[in-house]
Structure formats: structure tokens, C-alpha cells
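Asker: I have a structure I would like to understand better, so I am pasting it below and will then ask my questions one at a time.
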Amino acid sequence: MTRFYFDHNATTPLSARALAEMTSCLRDDFGNPSSIHQDGQAAKQRLETARRQVAAAVGADPDEVIFTSGATEANNMALFGLRPRHVITSTIEHPAVGQVCAELERRGAQVTYVPVSGAGVVDPDDVRRALRPETDLISVMAVNNELGTIQPIEELAQLGVPVHSDSVQALGKISMTPIALRSFSAHKIYGPKGVGALVMRGGVTLESTYFGGRHERGRRPGTENLSGAVGFGAAATELGADHAPMMALRDRLEQGIVDRVPQSFVNAGTGPRVGNTTNIRFDGVEGEAMLIALDLKGFAVSSGAACSSGKVEPSHVLMALGLSKDQARSSIRFSVGRTNDAAQVDALVEAVATVAARLRKLSPVYVGV
Ligand SMILES: Cc1ncc(COP(=O)(O)O)c(C=O)c1O
1119 MTRFYFDHNA
1129 TTPLSARALA
1139 EMTSCLRDDF
1149 GNPSSIHQDG
1159 QAAKQRLETA
1169 RRQVAAAVGA
1179 DPDEVIFTSG
1189 ATEANNMALF
1199 GLRPRHVITS
1209 TIEHPAVGQV
1219 CAELERRGAQ
1229 VTYVPVSGAG
1239 VVDPDDVRRA
1249 LRPETDLISV
1259 MAVNNELGTI
1269 QPIEELAQLG
1279 VPVHSDSVQA
1289 LGKISMTPIA
1299 LRSFSAHKIY
1309 GPKGVGALVM
1319 RGGVTLESTY
1329 FGGRHERGRR
1339 PGTENLSGAV
1349 GFGAAATELG
1359 ADHAPMMALR
1369 DRLEQGIVDR
1379 VPQSFVNAGT
1389 GPRVGNTTNI
1399 RFDGVEGEAM
1409 LIALDLKGFA
1419 VSSGAACSSG
1429 KVEPSHVLMA
1439 LGLSKDQARS
1449 SIRFSVGRTN
1459 DAAQVDALVE
1469 AVATVAARLR
1479 KLSPVYVGV
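Counting from 1 along the sequence shown, just add 1118 to a position and that's the residue number in the working numbering.
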């Protein structure tokens, strides 16, 4: 069965260019970038080319880019490395920030979680009101992974406190205001998994999280994931151009579903959003059941729930919007990307309409309109 992938916020397929660059790197440039001989220097050159490519894509200088194993590591390095006494963050962060904040609290730091509006956006005035003399960091994501909502990072950067932003879902979709710290991940932009970057600017200094070498200018020890960085760099050169067509596909999908399926609602649909994501609630439908039914029909989507310790928990992001547990559990995230076209979108709309009608017929509680 042909499969259609509508889960590009979870991960993306490797681009042909990234694959070609990685293959040639693995085959021809096996040297250690720290070695002085020519093999090492050839590897070093590839690493520095990749650094320049990533820097250009995120609007930074190459020496501000630290390669990491992904955004989770970059977030950990930023939040632990600043040793903050008080952090202000949001209620809709990815666990790669949320769980770091919880650990900071266990270690004695103070953390304030600012809410979001029903449109899924942080209000900079709430952040301003939460500021204290000992606030050392504001950490708010640039774009939410479940809703696609764009957060007001530019305004937060005016508040006089260093800002960190998990910018994984923003890269290639919106422009980047220069701030103290941003985290990125290659596999969300058609690069490989297991590589990302922390971008540090404006003289911010971090205490080391790890020890063992002087790699990455002494900021992240360990032999670099060279082929990963090369793939990240290659993917970074291809960003941006497809965002407008993506938005047209997302709008076609969203409108198609809302028109075809009664009692379906776009979560946070009124907020500023990137062009590839829509999160839709289907009253009376179990999101997990819809996900599985769509999967069997060949469509990959994501539900507004996460499996934790064997239980399906409603998404904290959807709960933060003010949705009930049942509403959160009846939501599905669709994220379009380069692999999609209008025919796939139309087929998905058809499948969603069929599945929603079937599941509602089986539902003991759904009464319809
Ligand atoms: C917003 C956000 N932050 C962090 C991550 C984690 O990134 P990585 O897989 O590179 O650690 C993801 C991916 O799921 C994400 O969407």
C-alpha cells in the first residue's frame, strides 16, 4: 500500500542532497577533525563547511554554532549551563525543555510557568510581570510542535534578560531574531537524526555540562558526529523556499476537513501559525483510534496524546489551551511537508471523513448535531 506521511513535525525524511553529502563524507572523509594530519584536516574542513551552512540558515556567525546530538542536548546545555536562579518558561514547552525545568526545580532553582491564550500564544506582559531581580533566563519555544503557533520571541528579547528558545519547529518557516541561545535539530529539516545545534551569541557564557575534551571550542566535548553535521549543513542549504506551497496544502487540508466533518474544530486556529501544521479536534472521536484507523489506510498522523508509563495521557499543550481531557484526547495533529501534494491532501480529507463517521457510529456517547 502506498503510504502518505503527514507527520513532518515528528521527523522528516532525509533529503537527497543530505544523503549524498553524508555518503561521501562517510566514504571519503573518515578522519578525526581534531587530527593534525591531512586526513584530519579534510574532515575538519567538512565540519567547518557544515557549521557555516547551519550558521547561514539560522542567521548566526559560524563560531556561535555548537554541534550537539540534537535539540534535547542543546536545551539541556543551555538551561543547566546558565545555572539560573529563576527561569520563566511556558506551559506549552516540549518535554526537552519542560522536563529540564522540572529537574532545575528539584535542584533548587525557581521556575515560573506562564500560561498561553486560547490561541496558543504566550503574552509578553505575563512574562514581564513574572520577572524578578534574580531572573536569569527566559526559555520559550519559537514555534509549538503540536499547534504550530508562533511565540513572541522578539518581544521577549526586549525584557533585559537572556532568552533561550527551542527553535526546532521554526527553522525554515519563520525568520530568527538574534537572541542569547537557540536550539535546533537536523531531523526536523530533512537532515539526519542524532545531530543538532546550540547557537550562542552576545557573549553569553555557559558552565560545561560535560567534560572530556576541547572540541567545539571547549563547549561540547567528544569527537564530532561529522557525517551528521555534514547532513545537517546540506539540509540547511535547502530551507525556506517550500514554505508558501506548504501553507497552501495545510489550508486545503484544514478547510477540507472542517467542511467535511461536522463538529470538527481547529485547535488554536486563530493564533499566528507556521504554514505546515494544523491540530484538529473531532468531538466524540478517540484520537488514538483515529490515528490507528488512518494508519491502516496508509496515512501517518499524530494524536494529541502521549503514552507515558503505559497510560495514554492527554497532551499538556492542548490542556494548556483550556481543552478538557476528552477534547485533548480527541485531537489529531497533521503536519505537512515536502513529501505531500494536493492529491494526497484530498485523499487524507476523504479518509478522515470516513473514519470520523465510523468511529462516531461506534461511540456510546457521541450524539452528533
Ligand atoms: C519543539 C521540539 N523540541 C525538541 C525536540 C527534540 O529534538 P531532538 O530529537 O533533536 O532531541 C523536538 C522533537 O521532537 C521538538 O519538536
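Quick reminder that beta carbons are idealized off the backbone N, C-alpha and C, glycines included. Every value quoted in this text rests on a predicted model; they were computed, and no experiment measured them.
Is E1342 close to ligand 1? I mean its beta-carbon at under 8 Å from any heavy atom of the ligand.
Answerer: Because no heavy atom of ligand 1 lies under 8 Å away, the Cβ of E1342 does not count as near it: no.
Asker: Given that a residue counts as buried once 16 or more other Cβ atoms are within 10 Å of its Cβ, and exposed if not, what is A1138?
Answerer: A1138 should be labelled exposed.
Asker: Is S1303 near ligand 1 - that is, is its Cβ less than 8 Å away from at least one heavy atom of it?
Answerer: Result yes, Cβ under 8 Å from ligand 1.
Asker: Spatial neighbours of A1446 within its chain, please: CB distance less than 6 Å, with the 5 preceding and 5 following residues excluded, ordered by chain position.
Answerer: So the qualifying residues of the chain are G1422, P1432, S1433, L1436 and M1437.
Asker: Here's a check: name, in chain order, each residue in its chain whose Cβ is nearer than 6 Å to the Cβ of K1443, leaving out the five neighbours to either side.
Answerer: Hits under 6 Å: P1432.
Asker: Hey, quick one: how far does the alpha helix (DSSP H) through S1345 stretch, first residue to last?
Answerer: Its alpha helix (DSSP H) spans residues L1344 to A1354.
Asker: Would you decide whether Y1308 is buried or exposed? Buried here means 16 or more other CB atoms lie within 10 Å of its CB.
Answerer: Under this definition Y1308 is a buried residue.
Asker: Output yes or no for whether 9 Å exceeds the beta carbon distance between M1408 and I1450.
Answerer: Against a cut-off of 9 Å, the Cβ pair of I1450 and M1408 comes out as a contact.
Asker: Would you kindly report the start and end of the unbroken beta strand (DSSP E) that includes F1198?
Answerer: Not the beta strand (DSSP E): F1198 falls in the alpha helix (DSSP H), residues A1189 to G1199.
Asker: Enumerate in chain order the residues of its own chain whose CB-to-CB distance from E1273 is below 7 Å, with the five nearest sequence positions on each side excluded.
Answerer: Answer for E1273: P1242, listed in chain order.
Asker: Relative to the alpha-carbon of L1299, which residue among L1222, G1226, R1246 and G1177 has its alpha-carbon at the smallest distance?
Answerer: Residue G1177 is the option with its Cα nearest to L1299.
Asker: Where the beta carbon is closer than 6 Å to any heavy atom of ligand 1, which residues qualify, in chain order?
Answerer: Matched residues: G1188, A1189, T1190, H1212, A1214, M1259, N1263, D1284, V1286, Q1287, S1303 and G1314.
Asker: Quick check: T1396 and E1372, are their CB atoms within less than 9 Å of each other?
Answerer: It is a contact, given that the beta carbons lie within the stated cut-off.
Asker: Please report the straight-line C-alpha distance between A1134 and M1140, rounded to a whole angstrom.
Answerer: C-alpha separation (whole angstroms): 10 Å.
Asker: How far does the beta strand (DSSP E) with R1300 in it extend, from its first residue to its last?
Answerer: L1299 to S1303 is the extent of the beta strand (DSSP E) around R1300.
Asker: What residues are listed by DSSP as bridge partners for G1314?
Answerer: Bridge partners of G1314: T1186 and S1303.
Asker: Look at the alpha carbon of T1267 and the alpha carbon of Q1217, and state the distance between them as a whole number of angstroms.
Answerer: If you take the alpha carbons of T1267 and Q1217, they lie about 21 Å apart.
Asker: Based on the DSSP secondary-structure assignment, which residues constitute the bridge partners of Q1228?
Answerer: Per DSSP, H1204.
Asker: Less than 9 Å between the C-beta atoms of E1342 and F1148, yes or no?
Answerer: Against a cut-off of 9 Å, the Cβ pair of F1148 and E1342 comes out as no contact.
Asker: Can you list, in chain order, the residues of its chain whose CB lies under 6 Å from that of A1192, leaving out five sequence neighbours each side?
Answerer: Cβ neighbours of A1192 beyond the five flanking positions: T1186, S1301, G1314 and L1316.
Asker: Return yes when the Cβ of V1348 is within less than 9 Å of the Cβ of T1129, no when it is not.
Answerer: No. Outside cutoff.
Asker: Are at least three pairs of beta-carbons, each pair with one atom in the segment 1411-1418 and one in the segment 1456-1471, less than 8 Å apart?
Answerer: Yes: at least three Cβ pairs fall under 8 Å.
Asker: Given a cut-off of 9 Å, decide if V1183 and A1173 are closer than it, judged by their beta-carbon atoms.
Answerer: Yes, Cβ-Cβ distance for A1173 and V1183 is below 9 Å.
Asker: Just verifying my parser: in three-state terms, what is the DSSP assignment at D1369?
Answerer: Helix.
Asker: Per DSSP, N1397 forms a beta bridge with which residues?
Answerer: DSSP output for N1397 lists R1451 as bridge partner(s).
Asker: Based on Cα-Cα distance, which residue from T1253, P1180, N1263 and G1238 lies nearest to V1215?
Answerer: Of the listed residues, the one whose Cα sits closest to V1215 is N1263.
Asker: Would you report the Cα separation of I1206 and R1225, rounded to the nearest angstrom?
Answerer: I1206 and R1225: Cα-Cα distance of roughly 16 Å.
Asker: What separation, rounded to the nearest whole angstrom, lies between the Cα atoms of G1405 and S1448?
Answerer: G1405 and S1448: Cα-Cα distance of roughly 4 Å.
Asker: Can you give the Cα-Cα distance for A1288 and F1400, rounded to whole angstroms?
Answerer: Approximately 27 Å between the Cα atoms of the pair.
Asker: Check whether the segment 1359-1367 and the segment 1328-1338 touch, using three or more Cβ-Cβ pairs below 8 Å as the test.
Answerer: Result no; under three Cβ-Cβ pairs closer than 8 Å.
Asker: Specify, as a first and last residue, the run of the beta strand (DSSP E) that H1282 falls within.
Answerer: V1281 to D1284 is the extent of the beta strand (DSSP E) around H1282.
Asker: With C-beta atoms as the reference, is Q1276 less than 9 Å away from V1239?
Answerer: For Q1276 and V1239, no; Cβs fall outside 9 Å.
Asker: For A1260 versus D1244, is the C-beta distance shorter than 9 Å?
Answerer: Cβ atoms of A1260 and D1244: not closer than 9 Å.
Asker: State the CB to CB distance for the pair V1454 and L1367, rounded to an integer number of angstroms; the pair is presumed to be in contact (CB under 8 Å).
Answerer: Confirmed, about 5 Å.
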